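Q: Those protein sequences? They're chains A and B, same order as listed.
Note that this note's numbering gives residue 341 to position 185 of the first sequence, counting from 1, and the numbers run on in steps of one.
Note that this note's numbering gives residue 261 to position 216 of the second sequence, counting from 1, and the numbers run on in steps of one.
We treat Cβ as the ideally placed atom computed from N, Cα and C, and that holds for glycine.
All of these numbers come straight from a predicted model, not from anything done at the bench.
Let me begin by handing over the structure; questions about it come next.
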Amino acid sequence: MRKSNLILCALFTFWVSVAHAEAPKPLPGIRLNDLRLLPTQSGGRLKPFDEFARENLLAITGSRSFGEFDPSEMMVSMMVSPKEWSDVKMIRISVPEVNQQLLLDSTRKFFSASELLSSNAFLQYSESVQSNGTAGEQVTDTGVNAVTGKADPRSEELKRVVDRVARFQAIVTGRLWAISPGKDANGAEKWKTVAEGMMESTPQSQAVFDVLKSYLDKNPDAFHASAAKARNSIEGAVAGYEQHRNQILAETFYNRLRPFLQAMIFYLLAGILWLFAGAHAIPRILSKFLTICAVSLHTLGFALRCYVAGRPPVTNMYESIIWVSLGVMVFAVLLFIKNRQTILMTTATFLSGLALFAADAAPMVMDPTIRPLVPVLRSNYWLTIHVLTITLSYGAFMLAMGIANVALWFFYEISKKGESRPISERIGLLNQLAYRSLMFGTVLLAAGTILGGVWADYSWGRFWGWDPKEVWALIALLAYMAVLHGRYTGWVGKFAFPLWTVICFSTVVMAWYGVNFVLGVGLHSYGFSTGGQAFVFGFLLLQTAFCLFVAFHHQKHKKLSAAGQEG
Amino acid sequence: MNRTIESLLEKIWSLLISLKLAVLVIASLALTLAAATILESKYDTRTAQYFVYRAPWFYVLLGFLGLNILAVALSRLPWKKKHIPFLMAHAGILMILSGSWLTYVSGLDGVIRIGEGEVNSTVELDQFVLLMRDGETSKIAEFPWIPESVARDFQPKAFPELKVRVEKYISDAEPRIRFLPSSDAARAAPAVKIKILGAPMGGPPEFWLWAGTPAWASQRLGPARFLIRKESQKDLEPSAATPEARLDFVVSDQGKIRFEAISIRGEKKTATIDPARIENKEEPFVIDPGWRMPIRIEVKAFLPMAVNQTDYIQRKVKPVGMGTAQPEPALQLSLLQNPESKLWLGLGDRADFTDEMGLPISVGYFPKRVILPYGIRLKRFEMTTNPGTMEAASYSSTVQIIDALKKNEAELDALPVHHISMNEPLPMQGYTFYQASYIPDQPRPTVTILSVNHDPGRFLKYSGSILLILGSILLYLSKVIQKKKKEPVRA
Numbered sequence: 157m158r159k160s161n162l163i164l165c166a167l168f169t170f171w172v173s174v175a176h177a178e179a180p181k182p183l184p185g186i187r188l189n190d191l192r193l194l195p196t197q198s199g200g201r202l203k204p205f206d207e208f209a210r211e212n213l214l215a216i217t218g219s220r221s222f223g224e225f226d227p228s229e230m231m232v233s234m235m236v237s238p239k240e241w242s243d244v245k246m247i248r249i250s251v252p253e254v255n256q257q258l259l260l261d262s263t264r265k266f267f268s269a270s271e272l273l274s275s276n277a278f279l280q281y282s283e284s285v286q287s288n289g290t291a292g293e294q295v296t297d298t299g300v301n302a303v304t305g306k307a308d309p310r311s312e313e314l315k316r317v318v319d320r321v322a323r324f325q326a327i328v329t330g331r332l333w334a335i336s337p338g339k340d341a342n343g344a345e346k347w348k349t350v351a352e353g354m355m356e357s358t359p360q361s362q363a364v365f366d367v368l369k370s371y372l373d374k375n376p377d378a379f380h381a382s383a384a385k386a387r388n389s390i391e392g393a394v395a396g397y398e399q400h401r402n403q404i405l406a407e408t409f410y411n412r413l414r415p416f417l418q419a420m421i422f423y424l425l426a427g428i429l430w431l432f433a434g435a436h437a438i439p440r441i442l443s444k445f446l447t448i449c450a451v452s453l454h455t456l457g458f459a460l461r462c463y464v465a466g467r468p469p470v471t472n473m474y475e476s477i478i479w480v481s482l483g484v485m486v487f488a489v490l491l492f493i494k495n496r497q498t499i500l501m502t503t504a505t506f507l508s509g510l511a512l513f514a515a516d517a518a519p520m521v522m523d524p525t526i527r528p529l530v531p532v533l534r535s536n537y538w539l540t541i542h543v544l545t546i547t548l549s550y551g552a553f554m555l556a557m558g559i560a561n562v563a564l565w566f567f568y569e570i571s572k573k574g575e576s577r578p579i580s581e582r583i584g585l586l587n588q589l590a591y592r593s594l595m596f597g598t599v600l601l602a603a604g605t606i607l608g609g610v611w612a613d614y615s616w617g618r619f620w621g622w623d624p625k626e627v628w629a630l631i632a633l634l635a636y637m638a639v640l641h642g643r644y645t646g647w648v649g650k651f652a653f654p655l656w657t658v659i660c661f662s663t664v665v666m667a668w669y670g671v672n673f674v675l676g677v678g679l680h681s682y683g684f685s686t687g688g689q690a691f692v693f694g695f696l697l698l699q700t701a702f703c704l705f706v707a708f709h710h711q712k713h714k715k716l717s718a719a720g721q722e723g
Numbered sequence: 046m047n048r049t050i051e052s053l054l055e056k057i058w059s060l061l062i063s064l065k066l067a068v069l070v071i072a073s074l075a076l077t078l079a080a081a082t083i084l085e086s087k088y089d090t091r092t093a094q095y096f097v098y099r100a101p102w103f104y105v106l107l108g109f110l111g112l113n114i115l116a117v118a119l120s121r122l123p124w125k126k127k128h129i130p131f132l133m134a135h136a137g138i139l140m141i142l143s144g145s146w147l148t149y150v151s152g153l154d155g156v157i158r159i160g161e162g163e164v165n166s167t168v169e170l171d172q173f174v175l176l177m178r179d180g181e182t183s184k185i186a187e188f189p190w191i192p193e194s195v196a197r198d199f200q201p202k203a204f205p206e207l208k209v210r211v212e213k214y215i216s217d218a219e220p221r222i223r224f225l226p227s228s229d230a231a232r233a234a235p236a237v238k239i240k241i242l243g244a245p246m247g248g249p250p251e252f253w254l255w256a257g258t259p260a261w262a263s264q265r266l267g268p269a270r271f272l273i274r275k276e277s278q279k280d281l282e283p284s285a286a287t288p289e290a291r292l293d294f295v296v297s298d299q300g301k302i303r304f305e306a307i308s309i310r311g312e313k314k315t316a317t318i319d320p321a322r323i324e325n326k327e328e329p330f331v332i333d334p335g336w337r338m339p340i341r342i343e344v345k346a347f348l349p350m351a352v353n354q355t356d357y358i359q360r361k362v363k364p365v366g367m368g369t370a371q372p373e374p375a376l377q378l379s380l381l382q383n384p385e386s387k388l389w390l391g392l393g394d395r396a397d398f399t400d401e402m403g404l405p406i407s408v409g410y411f412p413k414r415v416i417l418p419y420g421i422r423l424k425r426f427e428m429t430t431n432p433g434t435m436e437a438a439s440y441s442s443t444v445q446i447i448d449a450l451k452k453n454e455a456e457l458d459a460l461p462v463h464h465i466s467m468n469e470p471l472p473m474q475g476y477t478f479y480q481a482s483y484i485p486d487q488p489r490p491t492v493t494i495l496s497v498n499h500d501p502g503r504f505l506k507y508s509g510s511i512l513l514i515l516g517s518i519l520l521y522l523s524k525v526i527q528k529k530k531k532e533p534v535r536a
């Protein structure tokens with residue numbers, strides 16, 4: 157195995173050193189159905205080649221597509237023409253400080269593998285990163301924050317760039333694509349890669365080699381035939397493939413359909429139509445229809461993801477956003493059935509659409525990849541219930557926040573146009589809806605937090621351990637409790653209620669996002685990540701500015717009308 | 046007089062039952078907790094516990110919240126049917142609070158480490174003690190962890206019972222190993238301190254090599270290896286089998302030092318190092334090993350006969366990585382009768398003194414321990430990985446409970462087995478064992494870490510939780526029903 161790597165690496169260096177060649181183009185008239193469905197082992201689970209290709213594309217380029225290439229075809233093309241691909245500017249560097257550190261053009265975001273591999277600075281850093289095993293972790297002199305001890309964005313990105321180049325090299329030398337099912341020395345399931353398979357000539361490697369060769373020969377017919385043969389060969393070698401067949405098909409379908417992206421578009425369109433649904437019949441019917449389409453796609457996507465992963469999707473930011481935005485719609489529909497307020501549906505569809513947009517827009521921050529669970533989260537009924545309950549409460553609070561913002565907007569209207577009966581009644585209704593939503597939320601949050609305690613007690617023997625994640629869930633609960641009790645005492649009035657509902661949502665943002673992305677401490681470390689700060693802080697800043705703006709106008713109006721009454 | 050007391054009590058009572066006070070208490074609790082999490086993020090869990098979660102005033106605040114809830118509930122006397130949801134929810138909170146108090150006062154939460162085939166019954170707690178042994182007696186004294194901001198003004202503290210004094214204390218310490226000249230022929234070995242110039246290699250730029258132990262004698266940085274050996278150590282000479290860039294410092298029996306550099310391509314280079322130039326600032330001794338990498342090595346110090354000595358300094362850079370790195374305290378001890386006898390101890394270390402009579406006194410700095418009434422034997426630790434990766438998918442321990450003396454392995458192996466895995470704890474005579482972690486090892490881990498727990502507040506907490514949830518659902522429903530009753534009136 158070692159020998160084969162050396163040979164392939166040598167070949168690769170040879171390819172790189174050859175002069176520039178033309179940029180690769182997709183092969184016309186090629187069908188990829190069989191190629192996409194080839195089973196492969198990667199990231200700790202069985203998945204279709206299509207998903208493997210998409211993950212690699214995302215990891216290297218940081219985006220979901222590259223030129224006209226289908227991800228699967230691109231992987232094959234990279235393997236048959238590494239020379240051409242190593243000159244393609246496809247490796248992303250998204251932190252400009254890294255460009256400076258590597259002495260690269262700081263105006264560019266994409267670099268080719270040959271550019272990076274011929275840079276001495278890059279080679280030195282990649283050496284130091286690799287010699288430390290876990291890249292970047294101990295590279296204190298390359299930029300770990302000495303005060304907090306946390307890795308800073310530059311060293312994190314440097315580590316990722318090294319990983320991207322290593323991934324590129326692993327793909328083109330056939331060391332990443334696992335094709336031959338088998339077991340390792342310990343008896344654990346470990347497939348052989350293309351490179352290993354060629355050295356030991358497994359039947360699958362011969363079939364895959366034919367696929368690569370026919371692609372290199374630009375022969376679509378031979379390609380289709382060999383891909384079908386390779387699919388048969390690999391599927392035949394996977395023990396109990398019948399159990400996995402439908403999951404493979406479902407995952408490929410899920411990737412092609414992109415249900416959340418489509419649901420997002422439907423939500424936003426529906427949101428616009430709901431604006432006019434109060435007055436006209438056509439938008440009323442159309443908006444309902446679009447909302448039903450959106451929720452159906454959303455639910456379908458959620459169900460597909462559950463089926464492919466074999467568990468409810470609740471373990472990272474991307475998955476929780478999907479669930480929370482679905483929760484927003486569920487609560488909105490429940491409230492709408494009773495109150496028939498179109499403004500409620502406008503708010504809810506826009507909220508869900510924007511949430512899905514945020515999840516889809518930043519695949520580098522919110523990893524959409526389906527990954528196996530860490531041991532502590534595995535096969536646990538309580539965990540699933542606990543996380544689903546807590547995040548569902550976030551959905552209720554999010555809806556309350558949206559409604560409260562609309563109520564605040566009407567207060568601004570009052571301050572401009574003066575108080576009128578319809579607007580006041582509207583505010584009363586909106587406050588009532590926000591209140592209902594808060595009730596949903598607090599009951600679910602209390603239940604979810606306690607269920608978290610039950611789960612922690614069952615798994616770790618500790619009902620409550622003041623872990624930051626659980627503490628912030630408690631803070632959010634306390635904050636909403638203070639508002640609800642304050643409303644009861646009369647401290648929180650008609651204007652203060654929506655205002656505080658909006659402000660309290662920042663505690664949910666903290667519990668949901670902040671603990672994992674900003675604080676970065678505690679036992680919920682399996683959910684930790686970085687990125688998105690600018691977006692979240694931007695949202696909080698905008699929200700604060702809006703609150704201050706409305707509060708200012710409201711106060712002014714109150715003073716004026718009081719003066720008017722006296723006069 | 047009586048009247049003033051009465052009116053004062055009345056005032057306190059009306060304050061206690063006021064909802065506004067409740068809102069204030071809730072809000073201040075939320076703010077306190079927010080501050081605590083920021084403290085934890087900025088420092089560590091222990092600091093947050095010291096200042097907030099385990100601080101007496103925090104318990105007073107929680108107690109006050111409980112008192113407030115109790116008073117509000119009592120103020121609604123005589124209770125009517127419509128009060129049931131309200132009472133359930135608030136009684137639930139009170140039960141959870143008192144259950145937590147019970148856990149805090151008489152619960153146990155620790156860890157136990159067991160290697161395969163070993164028996165252990167010692168549970169370690171997250172509290173620290175000093176333990177003294179002098180011949181026949183052993184004495185123990187609590188020495189709790191102190192955060193850095195408090196430890197800065199640490200005053201030496203005497204423990205007359207233990208015959209020692211704590212001279213210095215560091216809340217988060219890292220060991221610093223120093224090399225000192227020595228004539229102790231049994232332990233002393235040559236040592237050299239070098240500094241890497243040129244490219245960063247992902248390691249410390251300056252470090253010691255010491256021929257005393259194999260671990261200290263060689264250091265690998267990226268593709269290069271640095272090594273010190275005595276001329277008599279022939280087995281350490283480079284061989285052709287492992288092509289690597291190497292820089293050897295070879296010390297002769299007379300205490301002369303030379304370097305031997307070998308590149309990956311096998312090119313050799315050697316020269317004697319002039320001791321006069323080692324400590325020379327103007328003209329330091331810099332080696333060009335002749336490797337492909339643009340690296341130079343400066344020789345900073347050389348000791349022909351040296352021993353290592355460990356002391357502790359405040360950790361400056363926190364270990365990188367997200368999660369739960371805990372500070373590691375260290376302290377310096379001296380014998381009360383002999384203030385000069387200063388020794389540093391990290392957590393888990395033991396210092397051996399001799400008193401004026403020449404008798405040994407041994408003082409250890411350990412986590413507090415609890416001995417279980419039975420032993421636990423780890424028969425096997427198993428870990429499975431996600432297919433095709435090294436990531437752990439699950440781990441489990443097969444254990445046996447030993448409550449009587451067993452003579453041989455065969456008898457032990459025949460005992461009934463119990464399985465403990467993630468999410469599958471083992472309850473055993475009032476204690477519960479959970480699979481918490483393991484010590485990573487190659488080719489497979491064999492030491493398991495179980496967390497051990499005894500929680501007398503569990504029943505109260507669970508029943509309180511159920512009451513709270515049911516109560517709040519009923520409260521919600523009653524609000525909806527009230528609303529419905531009102532609506533026709535408004536119409």
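Where does the unbroken alpha helix (DSSP H) through residue 83 (chain B) begin, and where does it stop?
A: As a first step, residue 83 (chain B) must be located in the second sequence, where it is residue number 38. Per DSSP, residue 83 (chain B) belongs to the alpha helix (DSSP H) from 64–87.
Q: Tell me, please, whether the CB atom of residue 1 (chain B) is closer than 9 Å to any CB atom in chain A?
A: This structure gives no information on residue 1 (chain B), because the portion of chain B shown stretches from 46 to 536.
Q: Please determine, among A:539, A:708 and A:336, the residue with the shortest C-alpha to C-alpha distance to residue 395 (chain A).
A: The residue labelled residue 395 (chain A) in the question sits at position 239 within the first sequence. If we check each option's Cα against that of residue 395 (chain A), A:336 comes out closest.
Q: Give me the DSSP bridge partner(s) of residue 37 (chain B).
A: As displayed, chain B neither begins before 46 nor continues past 536, which places residue 37 (chain B) out of reach and without an answer.
Q: Whose C-alpha, out of A:601, A:194, A:603 and A:669, is nearest the C-alpha of residue 393 (chain A)?
A: Residue 393 (chain A) sits at position 237 when you count from the first residue of the first sequence. Residue A:194 is the option with its Cα nearest to residue 393 (chain A).
Q: Straight-line CA distance for residue 426 (chain A) to residue 498 (chain A)?
A: Here residue 426 (chain A) is taken as the residue at index 270 of the first sequence, counted from 1. Here residue 498 (chain A) is taken as the residue at index 342 of the first sequence, counted from 1. Going from the Cα of residue 426 (chain A) to the Cα of residue 498 (chain A) covers about 11 Å.
Q: Cβ of residue 609 (chain A) within 9 Å of Cβ of residue 434 (chain B)?
A: Here residue 609 (chain A) is taken as the residue at index 453 of the first sequence, counted from 1. Here residue 434 (chain B) is taken as the residue at index 389 of the second sequence, counted from 1. No, the Cβ-Cβ distance between residue 609 (chain A) and residue 434 (chain B) is not below 9 Å.
Q: How many angstroms separate the CA atom of residue 520 (chain B) from the CA atom of residue 449 (chain A)?
A: Along the second sequence, one-based indexing puts residue 520 (chain B) at 475. Along the first sequence, one-based indexing puts residue 449 (chain A) at 293. If you take the alpha carbons of residue 520 (chain B) and residue 449 (chain A), they lie about 35 Å apart.
Q: If you compare alpha carbons, which of B:184, B:95, B:166 and B:353 is closest to residue 473 (chain B)?
A: Locating residue 473 (chain B) in the second sequence gives position 428, counting from the first residue. Nearest option by C-alpha distance: B:166.
Q: State the beta-bridge partners of residue 439 (chain B) as determined by DSSP.
A: The residue you call residue 439 (chain B) lines up with position 394 of the second sequence. DSSP output for residue 439 (chain B) lists B:429 as bridge partner(s).
Q: Which residues mark the beginning and the end of the alpha helix (DSSP H) in which residue 237 (chain A) is found?
A: Your numbering for residue 237 (chain A) matches position 81 in the first sequence. Taken as a continuous stretch (DSSP letters only), residue 237 (chain A) belongs to no alpha helix (DSSP H), as it is neither H nor E.
Q: Is the beta carbon of residue 306 (chain B) sitting closer than 9 Å to the one on residue 332 (chain B)?
A: Here residue 306 (chain B) refers to the residue found at position 261 when the second sequence is read from its first residue. Here residue 332 (chain B) refers to the residue found at position 287 when the second sequence is read from its first residue. Cβ distance < 9 Å, so residue 306 (chain B) and residue 332 (chain B) count as in contact.
Q: Which residues, taken in chain order from the stretch 321–345 of chain A, show a beta carbon closer than 7 Å to some beta carbon of chain B?
A: So the close ones are 334, 344 and 345.
Q: List, in order along the chain, the chain B residues whose C-beta lies closer than 8 Å to that of residue 624 (chain A)?
A: Locating residue 624 (chain A) in the first sequence gives position 468, counting from the first residue. 82, 85 and 86, listed in chain order.
Q: Would residue 437 (chain B) count as contacting chain D if we go by Cβ distances under 9 Å?
A: As a matter of chain content, chain D is missing from the structure shown, whose protein chains are A and B.
Q: Which value, in whole angstroms, describes the spacing of the CA atoms of residue 506 (chain B) and residue 144 (chain B)?
A: Translated into the one-based positions of the second sequence, residue 506 (chain B) becomes position 461. Translated into the one-based positions of the second sequence, residue 144 (chain B) becomes position 99. Cα-Cα distance, rounded: 5 Å.
Q: Let me make sure I understand the geometry here. Which of A:374, A:457 and A:383 has the alpha-carbon closest to that of residue 415 (chain A)?
A: What you label residue 415 (chain A) is simply residue 259 of the first sequence in a count that begins at 1. It is A:457 whose Cα lies nearest to the Cα of residue 415 (chain A).
Q: Look at the alpha carbon of residue 561 (chain A) and the alpha carbon of residue 579 (chain A), and state the distance between them as a whole number of angstroms.
A: As a first step, residue 561 (chain A) must be located in the first sequence, where it is residue number 405. As a first step, residue 579 (chain A) must be located in the first sequence, where it is residue number 423. In a straight line, the C-alpha of residue 561 (chain A) is about 15 Å away from that of residue 579 (chain A).
Q: Assign residue 628 (chain A) to buried or exposed, taking buried as 16 or more other Cβ atoms, counted over all protein chains shown, within 10 Å of its Cβ.
A: Position 472 of the first sequence, counted from the start, is the residue given in the question as residue 628 (chain A). Buried is the call here.
Q: Using three-state DSSP, classify residue 258 (chain B) as helix, strand or coil.
A: On the second sequence, residue 258 (chain B) is found 213 positions in, with the first residue counted as 1. If DSSP states are grouped into helix, strand and coil, residue 258 (chain B) belongs with coil.
Q: Say whether the stretch 203–213 of chain B touches the stretch 442–461 of chain B, bearing in mind that this needs 3 or more beta-carbon pairs closer than 8 Å, one atom from each stretch.
A: Judged by Cβ distances under 8 Å, the stretch 203–213 of chain B makes no contact with the stretch 442–461 of chain B, as fewer than three pairs qualify.
Q: Would the beta-carbon of residue 406 (chain A) fall within 9 Å of that of residue 451 (chain A)?
A: Reading the first sequence from its first residue, position 250 is the one you call residue 406 (chain A). Reading the first sequence from its first residue, position 295 is the one you call residue 451 (chain A). Result no, Cβ atoms of residue 406 (chain A) and residue 451 (chain A) do not sit closer than 9 Å.
Q: Using a Cβ-Cβ cut-off of 7 Å (strictly less than) and excluding sequence neighbours within five positions of residue 376 (chain A), which residues of its own chain qualify?
A: Walking along the first sequence from the start, residue 376 (chain A) turns up at place 220. Once the five neighbours on either side are set aside, the close Cβ partners of residue 376 (chain A) are 183, 185 and 186.
Q: Whose C-beta lies closer than 8 Å to the C-beta of residue 298 (chain B) among residues of the same chain, with five residues either side of it excluded?
A: Position 253 of the second sequence, counted from the start, is the residue given in the question as residue 298 (chain B). Excluding residues within five positions, the ones whose Cβ falls inside 8 Å are 275, 276 and 277.
Q: Report the three-state DSSP secondary structure of residue 169 (chain B) (helix, strand or coil).
A: Locating residue 169 (chain B) in the second sequence gives position 124, where the first residue counts as 1. Three-state DSSP puts residue 169 (chain B) in a strand.
Q: Mind checking the stretch 610–634 of chain A against chain B and listing, in chain order, the residues whose C-beta falls within less than 8 Å of any C-beta there?
A: Taking 8 Å as the Cβ-Cβ cut-off against chain B, the residues of the stretch 610–634 of chain A that qualify are 610, 613, 614, 615, 616, 617, 618, 619, 620, 622, 624, 627, 628, 630, 631 and 634.
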